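Worksheet: one structure, shown below.
Protein chains: 2
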Amino acid sequence: MSLINRLASDQADFEQRLSALLDRGDEQSRDIDARVAEIIAQVRARGDAALLDYTRELDQIRCGEVAELEVPATRLHGALEALDGEARQALEFSAQRIREYAERQREGDWHYEDDYGNRLGQRVTPLDRVGVYVPGGRAAYPSSVLMNVVPARVAGVGEIIMVVPAPGGVVSDMVLAAAALAGADRVFTLGGAQAVAALAYGTDTVPPVDKIVGPGNAYVASAKRQVFGQVGIDSIAGPSEVAVLTDGSLDPEWAAMDLFAQAEHDEMAQSLLVCSDPDYLDRVEKAIEAHLDGQPRADIIRASLAERGGLIQSRDLADGAAIINRIAPEHLELAFADPEAVLPLIRHAGAIFMGHHSPEAFGDYCAGPNHVLPTAGTARFSSPLGVQDFQKRSSVIHCSAHGGRALVSASEKMAEIEGLAAHARSAALRGGGEQG
Amino acid sequence: MSLINRLASDQADFEQRLSALLDRGDEQSRDIDARVAEIIAQVRARGDAALLDYTRELDQIRCGEVAELEVPATRLHGALEALDGEARQALEFSAQRIREYAERQREGDWHYEDDYGNRLGQRVTPLDRVGVYVPGGRAAYPSSVLMNVVPARVAGVGEIIMVVPAPGGVVSDMVLAAAALAGADRVFTLGGAQAVAALAYGTDTVPPVDKIVGPGNAYVASAKRQVFGQVGIDSIAGPSEVAVLTDGSLDPEWAAMDLFAQAEHDEMAQSLLVCSDPDYLDRVEKAIEAHLDGQPRADIIRASLAERGGLIQSRDLADGAAIINRIAPEHLELAFADPEAVLPLIRHAGAIFMGHHSPEAFGDYCAGPNHVLPTAGTARFSSPLGVQDFQKRSSVIHCSAHGGRALVSASEKMAEIEGLAAHARSAALRGGGEQG
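Each protein sequence line maps, in turn, to chains A and H.
Following our numbering from start to finish, the first sequence increments by one per residue and tops out at 1060.
Following our numbering from start to finish, the second sequence increments by one per residue and tops out at 1060.
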């Protein structure tokens, strides 16, 4: 069995093979959905009591009340203070760069006057309260804390509630330190669908939020789908993906390592490389072979590459770009000496890493742009997490007595066409100038 | 039975009564969801054949193939040409103002350089293809066509596919005229969950789109929820709502008519008015009584006001604003002589109509801002439909050989903390400058 799939776009079954490679299966499970629906119903009905029951059962935490699951501010700041110098510097460097990028995304108010003296505009306000879900368990991802909390803080969100499961009572000090650094207001060691339900509906102890962001397992994803409408949610994250488009100018070892960096996340992660030169694809395959065994997470990488990885031979650059647009990858590396010349060919990608010196790994941590990106082809219609996700717009319409008159006849006519007489009359009342 | 509910915020059961009034019930029905899941599965599996079966059965249309359900461009333009002068003028006036507002929303690219010579930015691109669902049947809403199609066009969407059900083969010429004016590329007389499924997955005749927008009945709403992920969707629209906040300076007849204009949409529509002066609330109630019988849609208005309408007495202005923020209404009228002084108190509303001369009816048609707005309290976390809904952002990260080196050590350290060795190595390879 080969290390990684080989495809070529001039093969008759290419579209079929590419589709099979990209297919993530049906992510939703009716069993999980039903179980999650029950958890949400219990938390809505019984609040803290249900939350305690599930947390004891699923996370094996002994505690008498939910308030004990809140991490005291002193512990958060203690975790930050206790970091070694290098770790603290890496966290602060990353947070600062994420903040700088986010600050440029902040939307502002604007308005203009039409020809009649009516004032029209857009008002932007932050969300009142946001919930950030941070995965716990085996791996600790402080970068995920920064990427979700920092833009919320930059947007001006009133209060940020973080939840992180602590199976057996264990929670990562790095995650707590990142929460303190990024500025989470309160942290609860809660997880799973029960944490999402508590954030959506509130309990006596956990305050209800307006939006829930952050990645989680299939139960968390199902819970987010189910509470959508009651609260806002960010996108449902699928397995992570990278696609490298290159003319063969990227050192094959660098290419292999960039593919490994994606594949090591988990076995469902996807690493693709597209190039028109079959000899280069051979060299990358050899580099994969040469470097794979030295990887600490070689087993995961091997499974990911064999099942979901691909070296794809395109006809030419235009064809390669078309394949990328078909994939709409979460991460795209344009590994060319002059990537700016290739960029106009790209329509869909969550984040685009330009040239040979912008590996996707920078984007995971400290490049500045958010690492929460649209997966599973959703870059066709959605965007990276950003400050915009923590603000909302209101339209503002301010007609003067004079200016309002200019809108009466069109409003009346449209209302008449739509058979809505009170609309017409409500508009017409403004036709006489000052109210009578 | 009184015409409209009366509440006062100083009553002990106020929060309970307000919650009951705002409660929309559980909008999702498991029966509808199951039926819709079957329709989607059939359209995915059998394409045009399933689409034809459902359209024949549910819309009583006789036709041999789906292509016959496409409205020819000549018919669209014929409908526009055939409009009488006043109707055409109203449509064009509205479309022009919606376009002007939308153009100010268009997001642009930006980038900046960090201290190390790395270039970071955001690239904005339009969606390739969008589907617009327009309700058919009893009522025709050309305004809805303009509000959904115009911002997509302004965003630069490649192709706009509109669907509108035509029960018994009948479709509104006004809707077709609006489609021609707004610039829909193709129009199919298809509706229901089957139209949503066809747009999401494509059939031989209906091309697959990247996002589906537009209001519909419970089947359409369920279908949009179920195809979310495969395509993007706008929000799920609930019943329309208005809240009027006033100091009593709005003529009670005008107030009554503004409430009627909301209530006449349907029996679930919600009309609320908040004021600290009980005498004023009495006067508005009298005006409702005086003018209701004259309304062509009096029965709908009566049912809506009795079931879901409310005149709410607040303690004072600050309390009134707090009630508004609790409601987070789709439409808010600030009926004050100086509404600018009140605006800072408002945190959540889809569209804000300022002063006495900005009735919500202007916003439905020709004020300029979009009439597709967050309902059911979702203005707490979501925004009016806009150009932003038809664009997506990609992050762009372009490190130079020199600048990239500045990101290596933080990336390595963070990757080490997260246990991701290939991430660390991928970053470290960029530490040596030019590739080897």
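We put the beta carbon where it would ideally sit given N, CA and C, even for glycine.
None of these values were measured; they are calculated from a predicted model.
Of the candidates Glu-737(A), Val-1020(A), Val-830(A), Gly-741(A), Gly-741(A) places its Cα closest to the Cα of His-1026(A).
Cβ atoms of Leu-941(A) and Ser-900(A) come within 8 Å of each other, at about 7 Å. At a C-beta separation below 7 Å, Gln-635(H) has no neighbours in chain A, since its nearest C-beta there lies roughly 23 Å away. With fewer than three CB-CB distances shorter than 8 Å, the region 763-781 of chain A does not count as touching the region 664-681 of chain A. Think of a sphere of 9 Å around the beta carbon of Val-799(H): no beta carbon from chain A falls inside it, the nearest being about 10 Å out. DSSP, read as helix, strand or coil, puts His-980(H) in coil. For the region 761-786 of chain A, the set of positions with a beta-carbon nearer than 8 Å to some beta-carbon of chain H reads Ala-763, Ala-764, Tyr-765, Pro-766, Ser-767 in chain order. Counting along the chain, Arg-753(H) sits inside the beta strand (DSSP E) bounded by residues 753-757.
Taking a cut-off of 8 Å for Cβ pairs, the region 906-924 of chain H and the region 1032-1042 of chain A do not touch, as fewer than three such pairs fall below it. Between Leu-883(H) and Ile-912(H) the beta-carbon gap is near 7 Å, inside 8 Å, which marks them as a contact. For Pro-963(H), the three-state secondary structure derived from DSSP is helix. Taking C-beta separations shorter than 7 Å and ignoring five residues to either side along the sequence, the partners of Val-844(H) in its chain run Tyr-757, Gly-816, Ala-817, Val-820, following chain order.
Contacts between Phe-960(A) and chain H, judged by CB atoms closer than 7 Å, are missing: the closest CB pair is about 11 Å apart. Among the CB atoms of chain H, one or more fall inside 7 Å of the CB of Ala-1025(A). For Gly-793(H), the closest alpha carbon among the candidates Ala-824(H), Ala-861(H), Gln-684(H), Gln-720(H) is that of Gln-684(H). With respect to the 7 Å criterion, Ser-1050(A) and Pro-863(H) are not classified as neighbours on the basis of their beta carbons.
Residue environment analysis places Ser-653(H) among the exposed positions, since fewer than 16 neighbouring C-beta atoms fall within 10 angstroms of its C-beta.
Taking all protein chains in view, the Cβ of Pro-968(H) is surrounded by fewer than 16 other Cβ atoms within 10 Å, so the residue is classified as exposed. Within the model, the alpha-carbon separation for His-981(H) versus Met-881(H) is close to 13 Å. For Cys-899(H), none of the residues of chain A pass the 9 Å Cβ criterion, the least Cβ distance being about 16 Å.
For Ala-1034(A), the chain H residues whose C-beta falls within less than 8 Å of its own C-beta are Gln-713, Ala-714, Phe-717, Ser-718, Tyr-989, Cys-990, listed in chain order.
Residues of the region 849-866 of chain A with a Cβ closer than 7 Å to any Cβ of chain H, in chain order: Gly-853, Val-855, Gly-856, Ile-860. Taking the Cβ atoms as the reference, Asp-858(A) lies roughly 4 Å from Val-837(A), within the contact range of under 8 Å. Around the C-beta of Thr-870(A), 16 or more other C-beta atoms lie within 10 Å, and the residue is accordingly described as buried. Three or more Cβ pairs closer than 8 Å define a contact, and the region 923-936 of chain H meets that threshold against the region 629-649 of chain H. Within the region 798-873 of chain A, the complete beta strand (DSSP E) segments at least 3 residues long are 810-812, 835-837, 865-870, listed from N- to C-terminus.
Taking the beta carbon of Ile-912(A) as reference, no residue of chain H falls within 7 Å; the closest one sits roughly 11 Å away.
Using a CB distance cut-off of 7 Å, Arg-730(H) does not count as an interface residue toward chain A. Fewer than three beta-carbon pairs drawn from the region 920-932 of chain A and the region 942-955 of chain A are found closer than 8 Å, and the two stretches are therefore not classed as touching. When the alpha-carbon of Asn-994(A) is set against those of Asp-962(A), Arg-747(A), Glu-954(A), Arg-670(A), the nearest one is in Glu-954(A).
Look at Tyr-765(H) here: in three-state DSSP terms it is coil, with no helix or strand label.
For Ser-643(A), the enclosing alpha helix (DSSP H) stretches over residues 638-646. Residue burial annotation: Tyr-736(H) is exposed, with fewer than 16 other C-beta atoms found within 10 angstroms of its C-beta. Residue environment analysis places Thr-698(H) among the exposed positions, since fewer than 16 neighbouring C-beta atoms fall within 10 angstroms of its C-beta.
For Asn-629(A), the uninterrupted beta strand (DSSP E) segment begins and ends at 629-632.
The alpha carbon of Ala-1046(H) has as its nearest neighbour, out of Val-851(A), Asp-890(A), Leu-704(A), the alpha carbon of Asp-890(A).
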